[in-house]
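One structure below.
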Amino acid sequence: TVGGRKMAAAMALAASGTRARSPRAPRCCALAVMLFPRAAAALHTAPPRVDLRSDTVTKPTAAMRQAMAAAEVGDDVFGDDPTVKRLEARVADMFGKEAAVFTPSGTMANLCAVLAHTWERGSEYVLGDRAHVFLYEQGGGAQLGGAHPRTVATREDGTLPLEALAAAVRADDQHYPRTTLACLEQTHNMAGGRVLPLPYVEEVGAWARREGIALHVDGARVWHAMEALGQPAAALAAPADSMAICLSKALGAPAGSLLVGSGETVRRARRLRKALGGGMRQAGILAAAGLHALDHHLDGLREDRRRAQVLAEGLAAVDGLTVAGPVETNIVIFTVDGDRGVSAEDLAARCAEAGVDLLAIGPGLCRCVTHLGVDDEGVGRAVEAARLAMEAGPGGTGTEKGAGPYR
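Numbering (our numbering), first residue to last: 2 to 408.
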């Protein structure tokens, strides 16, 4: 009807936010909202949230879901899931190692590695004091395996001084635990996604071999290191005896990591996985997501890095925010000047009200992570939300100035 067409036009006008040429249009918009409030609300929906808390928040794409639904499966504990076996063989070959084992999480992959290399209970492993394995994985080596961690100071770029590593190795004395393992992290989370230079990792690997100890690399975001360095996976893994590789961060799979290494290391890790409750049955559904990601998502890592750099430039231009160090991959860590009356927690809360999620990771410290679920518009919204949140000052929210999700 004519009335229905007018109402539809008024509703479209209300949704568009544009001003009509006719003076009657504003009255039509108001009438439409009064008569059809639910329809008006539906047309005035908020834009999607910009989630920068981590690259673990990605959701499977439609194509990935199709690959998962079509996956050929078996019982992985019995060793007869063909899709898991295909993923393990492919990743082992990519990284130049004899074997790989699929685990539900990166924490489990790291724990299996630590315990495989500290097989004798009471052994010690050396790692950085800002390592993810040390800070955020519940001290699993000690808690579940009787492996004693010994830390050395982490440099700002995520490297560990070779002389400090050497000094941390115990003498062969009955009073001390035996040092059997050293750990690195590539890329380094708490260093802002910094990439460990390949010559440095090679130097540490050569030192570990001379000492007769193993080298494990937590490669949760090694895919980004590959992209940033322009190096193949095998080159980055060559200095290490084992490496944990995550599929649910950079590559956007819903779950899963792999541990690559020698046949004996992976044999031990597979036993440990079972003891830790990580033996899955028809796990090919998850493995298929990993295979799809390897086929389709590696090329997007360059865009993740570019967007992180754009985000860092925008945040650095906001009064009261300082980006901590160069942005080499997809992580941006920045400080919040508390003297302005806004804490890191305040900033995160205000940005969340504006539809932008980020993490407060310490006093005056925030982190953002770009990923395949964040586009250029999302980066721009994040910078604007942070700017308005800081400008609001003590007690403000930032949303009253237009950063809210409906504006």
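Think of the CB as a built atom: it goes at the ideal place given N, C-alpha and C, for glycine as much as any other residue.
It should be emphasised that the depicted structure is a prediction, and the values quoted were computed from it without experimental measurement.
Cutoff 7 Å; reference A114; Cβ partners in own chain excluding five residues on either side: Within the same chain, A114 has close Cβ partners H217, S243, A245, L260, A270.
Use the C-beta contact count for L197: other C-beta atoms within 10 angstroms, 16 or more gives buried, fewer gives exposed. With 16 or more Cβ atoms within 10 Å of its Cβ, L197 is classed as buried.
Taking buried to mean at least 16 other C-beta atoms within 10 Å of its own C-beta, is S17 buried or exposed? Annotation note: pLDDT 44 at S17 (below 50); position unreliable, no value reported.
Report, in whole angstroms, the separation of the C-beta atoms of W224 and L302, which I expect to be a contact under 8 Å. Contact between W224 and L302 holds: CB atoms are separated by about 6 Å, below the 8 Å threshold.
Count the CB pairs spanning the stretch 388-397 and the stretch 339-347 that are closer than 8 Å, and state whether there are at least three. Yes, they touch.
For T84, does the three-state DSSP call read helix, strand or coil? Here T84 sits in helix by DSSP.
Within the same chain, show all residues whose beta-carbon is closer than 8 Å to that of G264, passing over the 5 residues directly before and after it, in chain order. When the five nearest sequence neighbours on each side are left out, the beta carbons in the same chain lying within less than 8 Å of the beta carbon of G264 are those of E99, A100, in order along the chain.
In this structure, what does DSSP give as the bridge partners for C247? Note: C247 sits in a beta bridge opposite S258.
Rounded distance between the beta-carbons of L273 and A117, thought under 8 Å: Between A117 and L273, the beta carbon gap of about 6 Å places them in contact (Cβ cut-off 8 Å).
Judging by CA-CA distance, which residue of L292, V333, D320, D300 is the nearest neighbour of V311? If we check each option's Cα against that of V311, V333 comes out closest.
Could you give the uninterrupted runs of the beta strand (DSSP E) lying entirely in the stretch 308-345, keeping only those of 3 residues or more? For the stretch 308-345, whole beta strand (DSSP E) runs of length 3 or above, ordered along the chain, are 322-324, 332-337.
Shortest alpha-carbon distance to D219 belongs to which of A254, R210, Y177, G262? Just measuring C-alpha positions, the residue of A254, R210, Y177, G262 sitting nearest D219 is G262.
Beta-carbon proximity list for D51, same chain, < 6 Å, skipping 5 on both sides: Per the sequence presented here, residue 51 reads as Val, with Asp not at that position. V357, G379, R382, A383.
Where does Q187 land, buried or exposed, given buried means 16+ other C-beta within 10 angstroms? Q187 comes out buried.
Classify Y137 as helix, strand or coil using the three-state DSSP reduction. DSSP, reduced to helix, strand and coil, places Y137 outside both helices and strands of the structure shown, so it counts as coil.
Between the C-alpha atoms of Y201 and N111, what's the straight-line distance to the nearest angstrom? Taking the straight line joining both Cα atoms gives about 21 Å.
Ends of the alpha helix (DSSP H) at V74? DSSP places V74 in no alpha helix (DSSP H); its state is neither H nor E.
Three or more C-beta pairs under 8 Å: does that hold for the stretch 66-74 against the stretch 289-306? Yes: the two stretches touch, three or more of their Cβ pairs being nearer than 8 Å.
List in chain order: all unbroken beta strand (DSSP E) runs of 3+ residues lying wholly within the stretch 96-170. With a minimum length of 3 residues, the continuous beta strand (DSSP E) runs that stay inside the stretch 96-170 are 100-104, 125-129, 149-153.
Would you grab the beta carbon distance between L199 and A241 for me? Rounded to a whole angstrom, and I think it's under 8 Å. By a beta-carbon distance limit of 8 Å, L199 does not contact A241. Their separation comes to about 11 Å.
Only counting the same chain, and skipping five residues up and downstream in sequence, which positions put a Cβ closer than 7 Å to that of A349? Cβ-Cβ distances below 7 Å link A349 to L359, L360, A361, C367 in the same chain, with the five nearest sequence neighbours on each side left out; the list follows chain order.
At the level of alpha carbons, what is the spacing between T181 and E125? C-alpha separation (whole angstroms): 6 Å.
Can you give me the C-alpha to C-alpha distance between K1 and Q175, rounded to a whole angstrom? The chain is shown from 2 up to 408; residue 1 falls before or after that span and cannot be answered.
Whose C-beta lies closer than 7 Å to the C-beta of A318 among residues of the same chain, with five residues either side of it excluded? Result list for A318: empty, nothing under 7 Å.
Using alpha carbons as the reference points, say which of M95, K60, D94, V102 lies closest to D77. Restricting attention to M95, K60, D94, V102, the CA atom closest to the CA of D77 is found in V102.
Measuring CA to CA, which of R151, F335, D82, L248 is closest to L136? Looking at the Cα atoms, R151 is the closest of the given residues.
Please work out which residues of its chain come closer than 6 Å, Cβ to Cβ, to G123, disregarding the five sequence neighbours upstream and downstream, and give them in chain order. Non-local C-beta neighbours of G123 in its own chain, meaning closer than 6 Å and more than five positions away in sequence, comprise G147, P178, ordered along the chain.
Could you please give me the residues that DSSP links to R354 through a beta bridge? Per the sequence shown, residue 354 should be read as Glu rather than Arg. Its beta-bridge partners do not exist; DSSP assigns none.
What residue range is occupied by the uninterrupted alpha helix (DSSP H) comprising H297? Segment 285-297, the alpha helix (DSSP H) holding H297.
What is the residue span of the alpha helix (DSSP H) that D377 lies within? Its alpha helix (DSSP H) spans residues 377-393.
So, is P327 buried or exposed, given that buried needs 16 or more other C-beta atoms within 10 angstroms? Exposed is the call here.
Opening and closing residue of the beta strand (DSSP E) in which R368 lies: Judged by DSSP secondary structure, R368 falls within the beta strand (DSSP E) whose first and last residues are 366-370.
The alpha helix (DSSP H) that contains T189, what's its start and end? Reading the sequence as shown, one finds His at residue 189 and not Thr. H189 -> no alpha helix (DSSP H), and no H or E assigned at all.
For R269, the three-state DSSP class (helix, strand or coil): Assignment of R269 by DSSP, reduced to helix, strand and coil, places it in the helix class.
Using CA atoms only, rank isn't needed, just tell me which of V92, Q139, L373, R306 is closest to A229. When only C-alpha atoms are compared, the closest one is R306.
I'd like the span of the beta strand (DSSP E) that includes G363, first residue to last. Where G363 is concerned, the enclosing beta strand (DSSP E) starts and stops at 360-363.
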